[in-house]
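Going down the list, the protein sequences come from chains B and C.
Going by the working numbering, the letters in the first sequence line up with residues 1 to 298, in that order.
Going by the working numbering, the letters in the second sequence line up with residues 299 to 505, in that order.
Using N, Cα and C, we set each Cβ at its ideal position, and we do this for glycine too.
Encoded as structure tokens, the structure appears first; notes follow it.
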Amino acid sequence: MSAKVLAFINFKGGVGKTACAVNIASTMAKLHEKKVLIVDLDPQSNSSLWLLRPDRWREHVAKGRRSTFEIFDDAIQGKDRFNFEESVIKGVTTWTGFVELPQLHLLPASVELLRVEDRIHELRAPAVYRILDRALRDHIDRYDYVFFDCPPNLYTTTKNAIFLSDSCVVPYVPDYLSLSGFQVLAEYIEELRGKYTDSAGERRHPNVGAVVVSHYRHTGNVFRQAINELEIMLSQLRDRHILESGAGLLQPFIRHCVRVAESTSEHLPVILYAPGCIGAQDYSDLTQNFLTHFQNRK
Amino acid sequence: MNYQELAGKLLHVAERLQKHGNKLEGDLIGKSAVKLATDVEQFDANLDGFLASRKSGELLLETLLRSPAAKKHLSLDLLRKALREACSKRLKAEEMVAAKREFVETVHELDRADAASKFLKHAFAEAAYVAPAGKEKGQLQQEFFALGRLSEEEYATTIAKRTFGELRRLAATNMIRFTDKTTKPHLIKMIRRYARRLATNLPSVAA
Numbered sequence: 001m002s003a004k005v006l007a008f009i010n011f012k013g014g015v016g017k018t019a020c021a022v023n024i025a026s027t028m029a030k031l032h033e034k035k036v037l038i039v040d041l042d043p044q045s046n047s048s049l050w051l052l053r054p055d056r057w058r059e060h061v062a063k064g065r066r067s068t069f070e071i072f073d074d075a076i077q078g079k080d081r082f083n084f085e086e087s088v089i090k091g092v093t094t095w096t097g098f099v100e101l102p103q104l105h106l107l108p109a110s111v112e113l114l115r116v117e118d119r120i121h122e123l124r125a126p127a128v129y130r131i132l133d134r135a136l137r138d139h140i141d142r143y144d145y146v147f148f149d150c151p152p153n154l155y156t157t158t159k160n161a162i163f164l165s166d167s168c169v170v171p172y173v174p175d176y177l178s179l180s181g182f183q184v185l186a187e188y189i190e191e192l193r194g195k196y197t198d199s200a201g202e203r204r205h206p207n208v209g210a211v212v213v214s215h216y217r218h219t220g221n222v223f224r225q226a227i228n229e230l231e232i233m234l235s236q237l238r239d240r241h242i243l244e245s246g247a248g249l250l251q252p253f254i255r256h257c258v259r260v261a262e263s264t265s266e267h268l269p270v271i272l273y274a275p276g277c278i279g280a281q282d283y284s285d286l287t288q289n290f291l292t293h294f295q296n297r298k
Numbered sequence: 299m300n301y302q303e304l305a306g307k308l309l310h311v312a313e314r315l316q317k318h319g320n321k322l323e324g325d326l327i328g329k330s331a332v333k334l335a336t337d338v339e340q341f342d343a344n345l346d347g348f349l350a351s352r353k354s355g356e357l358l359l360e361t362l363l364r365s366p367a368a369k370k371h372l373s374l375d376l377l378r379k380a381l382r383e384a385c386s387k388r389l390k391a392e393e394m395v396a397a398k399r400e401f402v403e404t405v406h407e408l409d410r411a412d413a414a415s416k417f418l419k420h421a422f423a424e425a426a427y428v429a430p431a432g433k434e435k436g437q438l439q440q441e442f443f444a445l446g447r448l449s450e451e452e453y454a455t456t457i458a459k460r461t462f463g464e465l466r467r468l469a470a471t472n473m474i475r476f477t478d479k480t481t482k483p484h485l486i487k488m489i490r491r492y493a494r495r496l497a498t499n500l501p502s503v504a505a
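In structure tokens:
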């Protein structure tokens, strides 16, 4: 099995990074029999708290153990405590107490990740962007897909995710502030292309593989115009080779759906919590097109 | 705990029970055994209910029929086509709930769950697919952007050459709302306004 490794990234917050990562991964596991790993890299631990109840999460990642923080902490302290098998959580526990979606795995985050940026200068090794690569490289190929849920910034943890990923997926809210941020992000990722080598000595070529739109509303014309502006920008960035020709705007756009918001309080992906709602329907179609899109890429 | 782990645990208990069953005695273990037997019986009945008419492959069909994709894309026509393709049978029911039941029963009867699942999976994927925009859309979007970068005089000269039909196509492609009553001068003003906004918002991309 050779995993497709994708970083869900946008340095603007509230654009749906976590919602897309959690719900696309869950739909893949439920309806397409894919084995998917979500790696939570955000100190806010939103993917972790979406899929785990708070008490279970707190117990699992107590003092930053068995979490993505431990990977970075090990690197900073020169230790080797992180154990993938002990850290990864398999499946989603429903309210019956039983686990469903056994094909969906989660490597949770802990709030201690906040400290990583303050201490990363303690790391002597030059390749700070290879920390995740070294810790996860031997484990990712047992999955069909690995998703990094990145924090809303472009600091060390995000760089590590970009470095290890085959492509970046950019969740996007259709408005001008997202539009201006997207261009900066695309140019930043383009600058990284070919600059880094991985542990096997191969040059890495991070790229934007897809843009997915969330929080979409059909009311009025505002969102349609914002999508039109995004399409024009994507086309121009492709013409300037900042984006690859295959970088696509995936459809359908995820409509605003209160059941999706509610599913976070239930600690379930929407495909388990409310499979009939419009949010689940949109994620179902998006996942289908997502799979087709990335199956056709390298 | 997941269902695979439960299966492992039950096997482990069953093996120990088989090995040591003859030696077990006393109230505590006896009462606990009675409770376990009742629970296992109940669980077995529930499992029977769940698996009724679900052989291998049929579970996937059930999942597909209850999926969000089915809620969005499954129609009577599609069910008719699916039954014809998978089982070479005609669907008689005219109402969705009855049609679904008839579909599942026929598929199970003829042992064609794999073929029916494959057909539905393909049909849902086709329904979800959104064809990429044509070349014309891209050209009209770029033209719209270019219009926004023109000076007032250049814009007036360029736009004067366009027919009303061309302007309507340009506006519609670039998501400018207008009605049948919208006049040509008003449409020209609207295109100018939104094209300038776009050129302002995307200045460095074109650099």
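Quiz item: Among B:Leu-164, B:Thr-27 and B:Asn-221, which one has its Cα closest to the Cα of Leu-132 of chain B?
Solution: B:Leu-164
Quiz item: With a cut-off of 9 Å, does the C-beta of Thr-361 of chain C fall near any C-beta of chain B?
Solution: yes
Quiz item: Just to confirm, are Leu-250 of chain B and Val-211 of chain B a CB contact at a threshold of 9 Å?
Solution: yes
Quiz item: What are the partner residues of Tyr-216 of chain B, as DSSP defines its beta bridges?
Solution: B:Arg-255
Quiz item: Residue range of the alpha helix (DSSP H) that Glu-100 of chain B falls in?
Solution: Where Glu-100 of chain B is concerned, there is no enclosing alpha helix (DSSP H), although the beta strand (DSSP E) it sits in stretches over 99-107.
Quiz item: Helix, strand or coil for Phe-82 of chain B per DSSP?
Solution: coil
Practice problem: Whole angstroms is fine: what's the gap from Asp-141 of chain B's alpha carbon to Glu-403 of chain C's? | Solution: 40 Å
Self-check item: Whole-angstrom distance between Arg-494 of chain C and Lys-17 of chain B, CA atom to CA atom
Solution: 31 Å
Practice problem: Closer than 7 Å by C-beta to Ile-24 of chain B: which residues in its own chain qualify, once you throw out the five before and the five after it? Chain order, please. | Solution: Tyr-283, Leu-286, Thr-287 and Phe-290
Practice problem: Examine chain B for any beta-carbon lying closer than 9 Å to the beta-carbon of Tyr-492 of chain C, and answer yes or no. | Solution: yes
Practice problem: Put Phe-8 of chain B into one of helix, strand or coil per three-state DSSP. | Solution: strand
Quiz item: Under the DSSP definition of a beta bridge, which residues are partnered with Gly-248 of chain B?
Solution: B:Ala-210
Quiz item: Quick one, which of B:Ser-26, B:Val-111, B:Asp-198 and B:Pro-102 has its alpha-carbon nearest Arg-66 of chain B's?
Solution: B:Val-111
Practice problem: Could you tell me if Cys-91 of chain B is buried or exposed, where buried requires 16 or more neighbouring beta carbons within 10 angstroms of its beta carbon? | Solution: It should be noted that the sequence gives Gly, not Cys, for residue 91 of chain B. By the 10 Å Cβ count, Gly-91 of chain B comes out buried.
Exercise. Please list the residues of the segment 365-382 of chain C that have a C-beta atom closer than 7 Å to any C-beta atom in chain B, keeping them in chain order.
Key: Ser-365, Pro-366, Ala-367, Lys-369 and Lys-370
Practice problem: Would you grab the beta carbon distance between Leu-243 of chain B and Val-213 of chain B for me? Rounded to a whole angstrom, and I think it's under 8 Å. | Solution: Not quite, the Cβ-Cβ distance comes to about 16 Å (not below 8 Å), so this is no contact.
Exercise. Could you spell out the range, first to last residue, of the alpha helix (DSSP H) harbouring Asp-337 of chain C?
Key: 325-349
Practice problem: Report the rounded CA-to-CA distance for Asp-375 of chain C versus Asp-166 of chain B, giving the unit in angstroms. | Solution: 41 Å
Exercise. Round the Cβ separation of His-484 of chain C and Ala-425 of chain C to the nearest angstrom and send it over; I've been treating them as touching at under 8 Å.
Key: His-484 of chain C to Ala-425 of chain C, Cβ: 38 Å. No contact.
Quiz item: Are the CB atoms of Leu-496 of chain C and Phe-422 of chain C nearer to each other than 9 Å?
Solution: no
Self-check item: Within the segment 24-51 of chain B, ranges of the alpha helix (DSSP H) (whole runs, at least 4 residues)
Solution: 46-51
Exercise. For Thr-477 of chain C, count neighbouring Cβ atoms within 10 angstroms of its own Cβ and tell me buried if that reaches 16, exposed if not.
Key: exposed
Self-check item: Cβ-based neighbour list, His-215 of chain B, same chain, cut-off 6 Å, excluding 5 preceding and 5 following
Solution: Val-173 and His-256
Exercise. Just the chain C side, please: which residues come within less than 8 Å of Ile-232 of chain B by C-beta, in chain order?
Key: Gln-439, Gln-440, Phe-442, Phe-443, Leu-496 and Leu-500
Quiz item: So Phe-8 of chain B packs on Asp-149 of chain B, CB below 8 Å; how close in whole Å?
Solution: 5 Å
Exercise. Select from B:Leu-272, B:His-293, B:Arg-115 and B:Cys-277 the residue whose C-alpha is nearest the C-alpha of Leu-101 of chain B.
Key: B:Leu-272
Exercise. Report the partner residues of Val-222 of chain B according to the DSSP bridge assignment.
Key: In the DSSP output, where bridge partners are listed per residue, Val-222 of chain B has none listed.
Practice problem: For the beta strand (DSSP E) containing Cys-168 of chain B, list its first residue and its last residue. | Solution: 167-172
Quiz item: Mapping DSSP to helix, strand and coil, what is Ile-89 of chain B?
Solution: strand
Quiz item: Just curious, the beta strand (DSSP E) that Val-15 of chain B is in, first and last residue?
Solution: Taken as a continuous stretch (DSSP letters only), Val-15 of chain B belongs to no beta strand (DSSP E), as it is neither H nor E.
Self-check item: Which residues DSSP lists as bridging Asp-149 of chain B, in chain order
Solution: B:Phe-8 and B:Asp-40
Exercise. Please confirm if Gly-91 of chain B has its CB atom under 9 Å from at least one CB of chain C.
Key: yes
Quiz item: On the three-state DSSP scale, how would you describe Arg-203 of chain B?
Solution: strand
Self-check item: CB contact flag (Leu-468 of chain C, Leu-448 of chain C, <9 Å)
Solution: no
Quiz prompt | Reference Leu-114 of chain B, options B:Leu-106, B:Pro-43 and B:Phe-98, closest by Cα | solution = B:Pro-43
Self-check item: Assigned secondary structure, Thr-471 of chain C (DSSP; H/G/I helix, E/B strand, else coil)
Solution: helix
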